[in-house]
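Below: one structure, written as structure tokens.
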Ligand SMILES: Nc1ncnc2c1ncn2[C@@H]1O[C@H](COP(=O)(O)OP(=O)(O)OP(=O)(O)O)[C@@H](O)[C@H]1O
Ligand SMILES: [Mg+2]
């Protein structure tokens, strides 16, 4: 047989490996770059002060608080709805056209571009329901956007729970609701939480949906209610890089803001992974 | 008694669960409803604002002007009436703020009460003038000829090459450049991301040691988690200057920059889904192939890839869908010039970037506003079609 | 011709910490059929997969001792595993044709071994399908997908696919366990026929089958080769009490 067969496999696999590692390298370049440039900017005052001097100085406190408000607001809406919906899909609905339809709609919602969510949020929440540019409008828009993520993780976590556990509970005379609450959910919960955490990361990073529903260009005060406008980290980064009054001088602020965003994503990912790992271990022990 | 209470409670809970599960479908329907309600209005709008009129001398043979012709006239690209079907005379422009060149304040009156009369007079004396002024100042016995307001046609919208949404007197809403810009940037991204994504999926799913796989997976997830503004920022400070230097360009904000950034962003989607598909290939088929003396690589090419074909196609489609809809990163690195792209080294403007950049300034309910929603509809339809396609292509996960 | 087609010496195999094969000493002469029997999980498949190094695919497998094919050590560094697997055909428990046409299934092994001569491939494909006693049933639909065949036909197709690469040793892991009695009969006839030109090792849970087709029978229990002799001896007068219990169905 031709010796080429083996040699070509060797070359191809190494080439493929090289390309795969290249992606990892790109990731580390992005992270490393922002860390190195942003690190010197980060200080307590950067995190706790209002922006000042035409956004070339001061800090990013209102943006951090604003993003915090949006995260809390959107999760308050999306988490209950998403989990309940996931429970209904997995525990109550049989494989029929209705379930297929809902699943298709959920998948489609997940695929809609974020800017379209922005348009929609503006048309429905800001204008039709007259919430104005507000935390409420922004949170609902973001909440709708992450809803599919939460539904899917919930469904998958529930699916992973062994049916024999459910049957065991029914055999003891427990009702369906009781079984779900006391048997299924406690087991699935850690995994459902990872969906929640990942959507926190998504919400804190999205810009397009909040452009026209809540985000303020420059608003050096903290919000006092859900009908207030707020600044938000991703939009702040966008403003600092593209449309600030003095782009060159606000660069350091931009690096700092990017670093804060990245750190949020990193932490959130790490927590999600830790939970997932311990969850997997727990399942194995069973 | 207690039992009945519990029954009722169960029913209520089920009702709540049911209503929650309909939220996503409801949301999709509402999105469709609102996009279309705001966006379809573009085709009943006129490019010349309805509060203004365009008027010519009553004897001017020109009865109608297209949006492009109006644009050309007021840009001074068109200088003679015969270019738009009139006599061989040069066109004289008049807009309301030029009124001072013809009449003094006294003549116009303290509250401009004589303005309509004077405009009428002006046009009657100037057979070659085209005047653009608010409706308000149209005299009751106007002697000139008011040109009709043309509705924006479907072909004008889709095939129009000029996107000047705020130009006066006739705003131009041709989205061809935006569509082509979007496709162009996406095409570039696909050309980069598809091969790299597939190769990586094969490597992670088939070749790499399982230990390496658990090293790669979280990193790919992290790549997916980085916010798009951060990608845009990175693109702006690293990739854009690099392109500028490498190709010796005046500006580095180009379609290529957009494509590279989009490719990086689409990679996690492609890799994750393609790798899932690759790993669904039954062990028995791999073993059969290897037992016949096929090498690992031959097995990948001849058995595994054909078997997971539909999943890989789904990965590609979802990756493309992600690239088409991406807004912020593209907005930040492509330069946003509404020109028909011919190379990757020119600035382009995409549909999502246009919406993001302009909606803030478009007056609520105006023609520009509606046009941006119409762009939203297009984006929605494209991604909806892609996702629905994937629903049918992607094999159900077997247990 | 080497004395033994297949041989193991003090062979041990571990899945991680779990020892699945314990000190196996076994051999088979050319053109014989050996049946591996024993309760589920005793290591029959594992030993079978030693001979074409299918266990390489599983993570954390360690082996000690030696295994030979035609006096060549299979785990030797100089052995090319795809060459080895060409020599050693394998038929699996569940029919696993590729989702390709019948023709392409049989041609697969030839193509991956670098043969591209169309006439040669065509001849070999037809010949292999004939040998697998499948020709009459598929001769008019070679271009049809293999997935359209019945389970028994699929299994014979898998045998044809194996024969096409002309191995000298064929390993069969419960080849008829997923089939109905008629298909099973056809496979058994085929195996008997193949004995003329091949050495065969077959794993089976079916005692009658072992009795009908094999020359030798090896009984395994908990990873050890308990007894191994002429089939007739194992079934009528085994030395070991465990073997006797197993073949008479008193096991457990
Ligand atoms: N991939 C693996 N990893 C770990 N242990 C394994 C693996 N494959 C098999 N084993 C273990 O090795 C032992 C032998 O398995 P093997 O499949 O060889 O049994 P068998 O005799 O073929 O059984 P059966 O008759 O059910 O096919 C079993 O205890 C099994 O649990
Ligand atoms: Mg077995």
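Protein chains in written order, with the working numbering: chain F, 250 to 535; chain E, 81 to 479; chain A, 90 to 341.
Think of the CB as a built atom: it goes at the ideal place given N, C-alpha and C, for glycine as much as any other residue.
Remember, predicted model here, so these are calculated numbers, not experimental data.
- Using a Cβ-Cβ cut-off of 9 Å, residue 387/E is close to 187, 188 of chain A, given in chain order.
- Around the beta carbon of residue 302/E, 16 or more other beta carbons sit within 10 angstroms, so the residue counts as buried.
- Per DSSP, residue 433/E has no beta bridge partner at all.
- If only uninterrupted alpha helix (DSSP H) runs of at least 4 residues are considered, those enclosed by the stretch 126-160 of chain A are 133-140.
- Taking the Cα positions, residue 476/F is about 23 Å away from residue 442/E.
- For residue 319/A, no alpha helix (DSSP H) segment is defined; the enclosing uninterrupted segment is the beta strand (DSSP E) at 313-319.
- Around the beta carbon of residue 504/F, 16 or more other beta carbons lie within 10 angstroms, which makes this residue buried.
- Contact annotation, residue 447/F with residue 483/F: C-beta distance approximately 16 Å; criterion of less than 8 Å not satisfied.
- Residue 346/E and residue 269/E do touch by the CB rule: their CB atoms are close to 6 Å apart, below 8 Å.
- Every alpha helix (DSSP H) stretch that sits fully inside the stretch 193-273 of chain A and reaches 4 residues is listed by chain position as 207-220, 224-227, 240-253.
- At a cut-off of 7 Å, the beta-carbon of residue 183/A does not count as near ligand 2: no heavy atom of the ligand is closer than that.
- Using a Cβ-Cβ cut-off of 8 Å, residue 276/F counts as an interface residue toward chain E, since at least one Cβ of chain E sits closer than that to its own.
- Note that the stretch 194-212 of chain E does not touch the stretch 397-417 of chain E; fewer than 3 beta-carbon pairs, one per stretch, sit closer than 8 Å.
- If the five residues before and after residue 150/E are omitted, its C-beta is found closer than 8 Å to the C-beta atoms of 127, 128, 134, 249, 250, all from its own chain and listed in chain order.
- In the structure shown, the three-state DSSP call for residue 174/E is strand.
- The DSSP-derived three-state label of residue 343/F is coil.
- Ligand 2 approaches residue 134/A closely enough that one of its heavy atoms is under 7 Å from the residue's Cβ.
- Within chain A, the residues whose beta carbon sits less than 8 Å from that of residue 375/E are 171, 201, listed in sequence order.
- Taking the C-beta atoms as reference points, residue 291/A is found nearer than 8 Å to residue 124/A.
- Distance from the CA atom of residue 429/F to the CA atom of residue 420/F, rounded to whole angstroms, is 14 Å.
- Look at residue 282/A here: in three-state DSSP terms it is helix.
- Collapsing the DSSP output to three states places residue 112/E in a helix.
- Here DSSP, grouped into helix, strand and coil, assigns residue 427/F to helix.
- When the beta-carbon positions are compared, residue 427/E and residue 333/E come within less than 8 Å of each other.
- Chain F places a beta carbon closer than 8 Å to that of residue 463/E, counting this residue as a contact.
- Between the alpha carbons of residue 449/F and residue 450/E lies a distance of about 32 Å.
- For residue 364/E, a Cβ of chain A is located within less than 8 Å of the residue's own Cβ.
- Distances from the alpha-carbon of residue 117/A to those of 177/A, 240/A, 300/A, 96/A put 96/A closest.
- In this structure, the C-beta of residue 292/A approaches ligand 2 to less than 7 Å from one of its heavy atoms.
- Apart from the 5 residues on each side of it in sequence, residue 289/A sits with its Cβ closer than 7 Å to the Cβ of 122, 259, 261, 280, 283 in its chain, given in chain order.
- Nearest CB-CB separation between residue 427/E and chain F: not below the 8 Å threshold.
- Here the alpha carbons of residue 321/F and residue 513/F stand approximately 14 Å from one another.
- With 16 or more other CB atoms across the displayed protein chains lying within 10 angstroms of its CB, residue 451/F is buried.
- Listed as beta-bridge partners of residue 190/A by DSSP are 234/A.
- Boundaries of the alpha helix (DSSP H) harbouring residue 335/A: 330-336, taken from the DSSP string.
- Take residue 210/A, set aside five residues on each side of it, and the residues of its chain with a beta-carbon closer than 8 Å to its own are 196, 199, 200, 204, in chain order.
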